[in-house]
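Visitor: To convert, take the position in the sequence shown, counting from 1, and add 65; that gives our numbering.
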Amino acid sequence: MNVLIIAPHADDEVIGCGGTISKLSDEGNDVYLCIVTNGCPPIFDNTEAKKNNWPHNNYIETTNSNRILGIKETFYLDYPAAMLETVPRYELNGRLIEIIKKIRPLEIYIPHFGDMQKDHQIVAEACMVAVRPKYSFAPKRVYAYETLSETGWNTPSISNEFIPNCFVDISRYLQNKKDAMQCYSSQLGDFPDARSLQAIDSLAKYRGASMNMDAAEAFMVIRDIR
66 MNVLIIAPHA DDEVIGCGGT ISKLSDEGND VYLCIVTNGC PPIFDNTEAK KNNWPHNNYI
126 ETTNSNRILG IKETFYLDYP AAMLETVPRY ELNGRLIEII KKIRPLEIYI PHFGDMQKDH
186 QIVAEACMVA VRPKYSFAPK RVYAYETLSE TGWNTPSISN EFIPNCFVDI SRYLQNKKDA
246 MQCYSSQLGD FPDARSLQAI DSLAKYRGAS MNMDAAEAFM VIRDIR
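1. Examine the Cβ distances between the region 249–264 and the region 222–233 and report whether three or more of them are shorter than 8 Å.
2. For the alpha helix (DSSP H) containing tyrosine 124, list its first residue and its last residue.
3. Could you tell me which residues DSSP pairs with cysteine 248 in its beta bridges?
4. Mind reading off the beta-carbon distance from valine 196 to alanine 203? Whole number of angstroms is fine, and I expect it under 8 Å.
5. Just how far apart, CA to CA, sit valine 209 and tyrosine 124?
6. Which residue or residues does DSSP assign as beta-bridge partners of valine 286?
7. Is glutamate 163 helix, strand or coil by DSSP?
8. Specify, as a first and last residue, the run of the alpha helix (DSSP H) that threonine 85 falls within.
9. May I ask you to verify whether the region 93–109 touches the region 141–158, counting CB pairs closer than 8 Å and requiring at least 3?
10. Where does alanine 274 land, buried or exposed, given buried means 16+ other C-beta within 10 angstroms?
11. Please return the same chain residues whose Cβ sits closer than 7 Å to the Cβ of serine 261, not counting the five positions on each side in sequence.
12. So, are the CB atoms of valine 96 and isoleucine 136 less than 8 Å apart?
13. Taking the C-alpha atoms as reference points, what is the distance between threonine 128 and alanine 147?
14. Would you decide whether proline 229 is buried or exposed? Buried here means 16 or more other CB atoms lie within 10 Å of its CB.
15. Buried or exposed: where does tyrosine 238 fall if 16 or more other Cβ atoms within 10 Å of its Cβ makes it buried?
16. Going by DSSP, which residues form a beta bridge with aspartate 95?
17. Taking alanine 72 as the reference, which of His185, Ser90 and Leu157 has the closest Cα?
18. If contacts are defined as beta-carbon pairs under 8 Å, then glutamate 282 and glycine 84 qualify, I think. What distance do you get, rounded to the angstrom?
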């Protein structure tokens, strides 16, 4: 089975579904990753990436993380992080459609539309355009993942709330998730920072305990065609 993970920023894939990725890969599935944005001036310094001809500022961190999780291939769209609203919507939609058409995933994991960060909202909306059921290559299953430091921080409303109705047991893969996140040292903070190893561990155990598991990742089922 082909699986596609859409991450607005490098590390969202680990925070949102790192354990699930590791589990899917371990079970023999081909997992692909698409990172939509990249840090660039005037907000971010990309001098080192340019000097080394890397496709992304976090290329080394992502490569090391992918190796732990078992990701087969990563696509970098290289749109400006924190400035995604400057990109024509039709262009982003088209790029995502191209990748989905190429991979033809049975399952796709996308960010939650109610996340606070605007890049997440734009990517989630573009993904929904790209997976419209009318397409012959549309995935049968579409899931939204939660991202610590983004999910749950928006203004409280029904449309913004993350309401999980699917749980993946990652008890055997929680350490892989944390090891993969540790590769993103540039993005990690110290607890109680939401992007800390302790916070990631706590959420996984909380989600797990709610379903009588040691650890789990939670998702919202957007579509499930059987």
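We put the beta carbon where it would ideally sit given N, CA and C, even for glycine.
Guide: The answer reads as follows:
1. no
2. 124–134
3. Bridge partners of cysteine 248: none, in fact.
4. 5 Å
5. In the sequence as displayed, the identity of residue 209 is alanine instead of valine. Whole-angstrom Cα-Cα distance: 24 Å.
6. Tyr208
7. helix
8. 77–91
9. yes
10. exposed
11. Leu253, Gly254 and Asp255
12. yes
13. 22 Å
14. buried
15. buried
16. Asn67
17. His185
18. 5 Å
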